[in-house]
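Peer 1:
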Amino acid sequence: MEIKQIAIIGVGLLGGSLALAVKSKLPDVRIVGLDTDADRVKTVMDQGIIDEIGGSIEGTIAKSDVLILASPIASIRQHLKLLSRLKIDKELILFDIGSSKRGIIQDMESLPNNICAIGGHPMTGPMTSGYTEAHPNMFKEKVFVITPSKNSTAQGLLWLENFVELIGSRPVTVNADKHDDIMASISHLPSLISIPFLTMVDRKDDDLYWLLSAGGFKRISSQINDNPAMWKSILYDNRKSIASSLTDLNKEITNLVSRLESDDQKLIEDIFTTAQKAYLEGLE
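In structure tokens form, the structure reads like this:
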């Protein structure tokens, strides 16, 4: 299928990087950007990341073949609800790049059948945010999760898989529930763990804790300032899976406490060795 124009809603770090990747691999495709931040989208166009600033969503869609939702999760869901109320007569491929999928897929399935809606999640992106960090190789050699919805078509899925490979990523299909459960454990929970650490220390009500805090604590706690708007949205949208992962983590913490209280050095060393083995076998 011929793609002449791609519209991207949200031209921050990932949206801007997608635009640059398209320009690198599909130079004849026109990129239209929409963003709630008027200054940002103008700067992005002035820098050549996009070709045009979109006006209304309806007008932009009328001229586009693909629509990418690259804004925060709450905004993605708002746009999907808006699209479900609009009269869209043309065929359109739509995919998002949000980091939780369950709610987004539910919203996608309320869209008209002529919109091929697919969930997406590139497993990339530094902890910083903003178009200034965007670059065309952001997705190179990364996994790109594809989550079909009831509105996905075989042709649309094939196009997205080919597109993902074109920008250097590896497409992996995962359903919404499985995706969100996995992300809660390996992405959302590690990033949100700063919340209990910070509240625990704050409740000590002793400035000496802050004075003596060094590398390890600062590395963990600093994540509370990494794109807080995005993480608040993730915390709410994937709250059930995150709560389940926290329950599992609490079991592991209880086990660790039990071993520490046992005064048995081997039991204490064994739990460290087990975790180290999991890291080396899983990530190295």
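The sequence shown begins at 1 in the working numbering and counts up by one.
Glycine included, every Cβ here is placed at the ideal spot set by N, Cα and C.
Which one of 95, 272 and 57 has the shortest CA to CA distance from residue 159?
Peer 2: By 1-based counting over the sequence shown, the position of residue 159 is 159. Looking at the Cα atoms, 95 is the closest of the given residues.
Peer 1: Between 249, 164, 256 and 221, which lies nearest to residue 97 when the distance is taken from Cα to Cα?
Peer 2: Position 97 of the sequence shown, counted from the first residue, corresponds to residue 97. The candidate whose alpha carbon is nearest that of residue 97 is 164.
Peer 1: With a threshold of 7 Å on Cβ separation, who are the neighbours of residue 107 within its own chain once the five nearest residues in sequence on each side are excluded?
Peer 2: Position 107 of the sequence shown, counted from the start, is the residue given in the question as residue 107. Around residue 107: 77, 80 and 81.
Peer 1: Identify the residues that DSSP records as bridge partners of residue 33: which are they?
Peer 2: The residue you call residue 33 lines up with position 33 of the sequence shown. Answer by DSSP bridge pairing, in chain order: 8 and 53.
Peer 1: Where are the beta strand (DSSP E) runs, 3 residues long or more, that stay fully inside the stretch 36 to 111, in chain order?
Peer 2: Entirely contained in the stretch 36 to 111, the beta strand (DSSP E) runs reaching 3 residues are, in chain order, 66 to 69 and 92 to 96.
Peer 1: When burial is assigned at 16 or more other CB atoms within 10 Å of the CB, is residue 231 buried or exposed?
Peer 2: Looking up residue 231 in the sequence shown gives position 231. When all chains shown are included, residue 231 counts as buried.
Peer 1: Just to check my reading of the structure: residue 53 and residue 66 have Cβ atoms closer than 8 Å, yes? What is that Cβ distance to the nearest angstrom?
Peer 2: The residue you call residue 53 lines up with position 53 of the sequence shown. The residue you call residue 66 lines up with position 66 of the sequence shown. With a Cβ gap of about 17 Å, residue 53 and residue 66 do not count as contacting.
Peer 1: Tell me which same chain residues have a C-beta within less than 7 Å of the C-beta of residue 175, skipping the five on either side of it?
Peer 2: The count along the sequence shown starts at 1 and reaches residue 175 at position 175. The answer, listed in chain order, is 147.
Peer 1: Quick one: what's got a C-beta closer than 6 Å to residue 91's C-beta in the same chain, skipping five residues either side?
Peer 2: Here the question's residue 91 lines up with position 91 in the sequence shown. Excluding sequence neighbours, residue 91 sits near 114.
Peer 1: Could you compute how far the alpha carbon of residue 71 sits from the alpha carbon of residue 9?
Peer 2: Here residue 71 is taken as the residue at index 71 of the sequence shown, counted from 1. Here residue 9 is taken as the residue at index 9 of the sequence shown, counted from 1. Straight-line Cα distance between these residues: approximately 6 Å.
Peer 1: Kindly indicate the opening and closing residues of the beta strand (DSSP E) around residue 139.
Peer 2: Your numbering for residue 139 matches position 139 in the sequence shown. Unbroken run through residue 139: none, as it is neither H nor E.
Peer 1: Hey, residue 100 and residue 234 are a contact pair by Cβ (cut 8 Å); roughly how many whole angstroms apart?
Peer 2: Counting from one through the sequence shown, the residue named residue 100 turns up at place 100. Counting from one through the sequence shown, the residue named residue 234 turns up at place 234. Going by Cβ atoms, the distance from residue 100 to residue 234 rounds to 6 Å, so yes, they are a contact pair.
Peer 1: Please name the residue or residues paired with residue 120 in a DSSP beta bridge.
Peer 2: Residue 120 sits at position 120 when you count from the first residue of the sequence shown. DSSP, once it has assigned bridges, lists 146 as partnering residue 120.
Peer 1: Would you mind stating whether residue 116 and residue 93 have Cβ atoms separated by less than 8 Å?
Peer 2: For the purposes of this step, residue 116 is taken as the residue at position 116 of the sequence shown. For the purposes of this step, residue 93 is taken as the residue at position 93 of the sequence shown. Their beta carbons are under 8 Å apart, which means residue 116 touches residue 93 by this criterion.
Peer 1: Could you tell me if residue 86 is buried or exposed, where buried requires 16 or more neighbouring beta carbons within 10 angstroms of its beta carbon?
Peer 2: Within the sequence shown, residue 86 is the residue found at index 86, counting from 1. Classification of residue 86: exposed, given that the 10 Å Cβ count is below 16.
Peer 1: Expressed to the nearest angstrom, what Euclidean distance is found between the alpha-carbon atoms of residue 243 and residue 207?
Peer 2: Working through the sequence shown from its first residue, we reach residue 243 at position 243. Working through the sequence shown from its first residue, we reach residue 207 at position 207. Distance between the alpha carbons of residue 243 and residue 207 is about 31 Å.
Peer 1: Return the first residue and the last residue of the alpha helix (DSSP H) that residue 259 is part of.
Peer 2: The count along the sequence shown starts at 1 and reaches residue 259 at position 259. Note, residue 259: alpha helix (DSSP H), 239 to 262.
Peer 1: State the Cα-Cα distance for the pair residue 64 and residue 240, rounded to the nearest angstrom.
Peer 2: Stepping through the sequence shown from its first residue, residue 64 is reached at position 64. Stepping through the sequence shown from its first residue, residue 240 is reached at position 240. C-alpha separation (whole angstroms): 36 Å.
Peer 1: With a threshold of 16 other CB atoms inside 10 Å of the CB of residue 136, please say whether the residue is buried or exposed.
Peer 2: Counted from its first residue, the sequence shown places residue 136 at position 136. Its Cβ being crowded by 16 or more others within 10 Å, residue 136 is buried.
Peer 1: Compute the distance between the beta-carbons of residue 221 and residue 194, then report whether it is under 8 Å.
Peer 2: Within the sequence shown, residue 221 is the residue found at index 221, counting from 1. Within the sequence shown, residue 194 is the residue found at index 194, counting from 1. Contact: yes.
Peer 1: If I measure Cβ to Cβ from residue 267 and keep anything under 8 Å in the same chain, skipping five residues before and after, which residues do I get?
Peer 2: In the sequence shown, the residue the question calls residue 267 occupies position 267. Result list for residue 267: 259, in chain order.
Peer 1: Buried or exposed, going by whether 16 or more other CB atoms sit within 10 Å of the CB of residue 44?
Peer 2: Here residue 44 refers to the residue found at position 44 of the sequence shown. Buried, by the Cβ-count rule.
Peer 1: Determine, using beta carbons only, whether residue 50 and residue 32 come nearer to each other than 8 Å.
Peer 2: Along the sequence shown, one-based indexing puts residue 50 at 50. Along the sequence shown, one-based indexing puts residue 32 at 32. Cβ atoms of residue 50 and residue 32: closer than 8 Å.
Peer 1: Using the Cα positions of residue 30 and residue 23, report the straight-line distance between them to the nearest angstrom.
Peer 2: Position 30 of the sequence shown, counting from 1, holds the residue named residue 30. Position 23 of the sequence shown, counting from 1, holds the residue named residue 23. Approximately 8 Å, taken between the alpha carbons.
Peer 1: I'd like the list of long-range same chain contacts for residue 167, defined as Cβ closer than 7 Å, with 5 residues on each side in sequence excluded.
Peer 2: Counted from its first residue, the sequence shown places residue 167 at position 167. Closer than 7 Å at Cβ, skipping near neighbours: 21, 25 and 139.
Peer 1: Taking the CB atoms as reference points, tell me whether residue 34 and residue 131 lie closer together than 8 Å.
Peer 2: Reading the sequence shown from its first residue, position 34 is the one you call residue 34. Reading the sequence shown from its first residue, position 131 is the one you call residue 131. No, the pair does not count as a contact, with Cβ atoms beyond the cut-off.
Peer 1: What is the DSSP secondary structure of residue 219, reduced to helix, strand or coil?
Peer 2: By one-based count along the sequence shown, residue 219 stands at place 219. Residue 219 falls in the helix class under three-state DSSP.
Peer 1: Any idea which residues DSSP pairs residue 173 with across the strands?
Peer 2: As a first step, residue 173 must be located in the sequence shown, where it is residue number 173. According to DSSP, which records beta bridges pairwise, residue 173 is partnered with 146.
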